[in-house]
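Residue numbers (my numbering): 4 to 364. Using N, Cα and C, we set each Cβ at its ideal position, and we do this for glycine too.
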């Protein structure tokens, strides 16, 4: 039975004085002229030239008005959902396909991301050019605490709570069955939907960090690459996570009115977690600045950190995904990409549910 959901159309329309304020704050920010120590390598963080280039682009070339126009080509909505004793406001993009056989598909982002992660695939999914390719009714919500969605309403709000809310969102939109795609923290939401909610019929993930315990001499060449990437991320790239899972208020207050600080905190992950050629790609720079602007304009950088504080810690991911209550019972597929922060291997991912397809690149 579908739930009733009160929605209203929403337009991305940041007031001009806020846009001006952002530009002034970026322009007036002083960056260091030298690296932290002479000949500092990337073990200290992205090179100083990277920060300077992004700062220059944000100051001179970035045009938020054009970004808004681009975002508004898709229909945005605000929905009011009654959950427990709370009323939650959810921001979401909803694009219905013209195809009569379209399948409802929920796309769930992670951190440091937003609904914008899926900007380039919405049209490809909803109106594929090939008539023989499956089409989808696409729903892309902002997680509670991100962009224009309400912040989590209480202490201890986890991604399992988000799954319950998103299931109600899909039912409220009239979708009695649906599929879901997610990565990063969004994969926890998708996993819960596939494990606990009958309306969710299929899951696709690109994040399932279960460590390999197989001896090195029994690993395939790709598994060795995956293990190296996995171990490197755990050993050298989790400083941000430690801060956010222990003192989100502290770092949140430091960043919330500091756009260049947000750019540094968020952009570092885009720099380190992408294919090397992305480091100097102008389109990638643009994506970082759009994401940083969204966090700044919606005052959500602090609340976006809550998934780290309220959920399972990184060291426990492997055991979490293999618990019986977190097993994905519906058919699920997995795509593993070499430059994922913690790529999954076929032999580990299949331990976590009813995996019917695996693709590794």
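Beta-carbon separation of residue i and residue j under 8 Å?
i, j, result
"residue 170", "residue 134", "no"
"residue 274", "residue 61", "no"
"residue 278", "residue 342", "yes"
"residue 97", "residue 80", "yes"
"residue 330", "residue 355", "yes"
"residue 346", "residue 229", "yes"
"residue 8", "residue 172", "yes"
"residue 113", "residue 188", "yes"
"residue 145", "residue 95", "yes"
"residue 262", "residue 312", "no"
"residue 359", "residue 324", "no"
"residue 276", "residue 344", "yes"
"residue 215", "residue 226", "yes"
"residue 12", "residue 78", "yes"
"residue 168", "residue 84", "yes"
"residue 310", "residue 162", "yes"
Going by beta carbon distance, what residues of the same chain come within less than 8 Å of residue i, once the five residues before and after it are set aside?
i, result
"residue 268", "115, 243, 254, 258, 304"
"residue 108", "128, 139, 140, 141, 142, 181, 182, 183, 184"
"residue 56", "288"
"residue 332", "197, 198, 356, 357"
"residue 38", "47, 50, 51"
Beta strand (DSSP E) containing residue i: first to last residue?
i, result
"residue 107", "106-111"
"residue 332", "331-339"
"residue 360", "356-363"
"residue 85", "79-86"
"residue 119", "Careful: residue 119 lies outside any beta strand (DSSP E) and carries neither H nor E."
"residue 169", "Segment 162-175 is the alpha helix (DSSP H) holding residue 169; no beta strand (DSSP E) there."
"residue 200", "Taken as a continuous stretch (DSSP letters only), residue 200 belongs to no beta strand (DSSP E), as it is neither H nor E."
"residue 139", "139-144"
"residue 181", "181-185"
For residue i, which residues from the same chain have a beta carbon less than 7 Å from its beta carbon, with the 5 sequence-adjacent residues on both sides left out?
i, result
"residue 48", "271"
"residue 136", "none"
"residue 211", "190, 324, 337, 347, 352, 355"
"residue 65", "292"
"residue 21", "300"
Which term fits residue i, buried or exposed, when burial requires 16 or more other beta carbons within 10 angstroms of its beta carbon?
i, result
"residue 233", "buried"
"residue 184", "buried"
"residue 44", "exposed"
"residue 295", "buried"
"residue 82", "buried"
"residue 339", "buried"
"residue 40", "exposed"
"residue 362", "exposed"
"residue 100", "buried"
"residue 218", "exposed"
"residue 120", "buried"
"residue 4", "Confidence at residue 4 is low in this model, with a pLDDT of 45, below 50, so its placement is unreliable and the value that follows should be read with caution. Per the 10 Å Cβ criterion, exposed."
"residue 30", "exposed"
"residue 314", "buried"
"residue 248", "buried"
"residue 91", "buried"
"residue 179", "exposed"
"residue 284", "exposed"
Only counting the same chain, and skipping five residues up and downstream in sequence, which positions put a Cβ closer than 6 Å to that of residue i?
i, result
"residue 166", "192, 195, 196"
"residue 237", "none"
"residue 322", "none"
"residue 209", "186, 338"
"residue 306", "148, 154"
"residue 89", "156"
Go to residue i, then tell me how far its alpha helix (DSSP H) extends in each direction, as first and last residue.
i, result
"residue 68", "67-74"
"residue 92", "First-last for residue 92: 89-98, but that is the beta strand (DSSP E), not the alpha helix (DSSP H)."
"residue 54", "51-63"
"residue 13", "No alpha helix (DSSP H) contains residue 13, which is instead part of the beta strand (DSSP E) from 9-13."
"residue 216", "Element bounds for residue 216: n/a, residue is neither H nor E."
"residue 243", "242-249"
"residue 266", "262-275"
"residue 321", "320-324"
"residue 127", "125-129"
"residue 222", "Here residue 222 belongs to no alpha helix (DSSP H), and DSSP marks it neither H nor E."
Does the contact criterion of 3 or more C-beta pairs under 8 Å hold for the segment 146-162 versus the segment 294-314? yes
Count Cβ pairs between the segment 15-31 and the segment 59-71 that sit closer than 8 Å; are there 3 or more? yes
Across the segment 286-294 and the segment 312-321, are there enough close Cβ pairs to call them in contact, namely three or more that are closer than 8 Å? No, the segment 286-294 does not touch the segment 312-321.
Quick one: any contact between the segment 121-131 and the segment 155-163, if contact means 3 or more CB pairs under 8 Å? no
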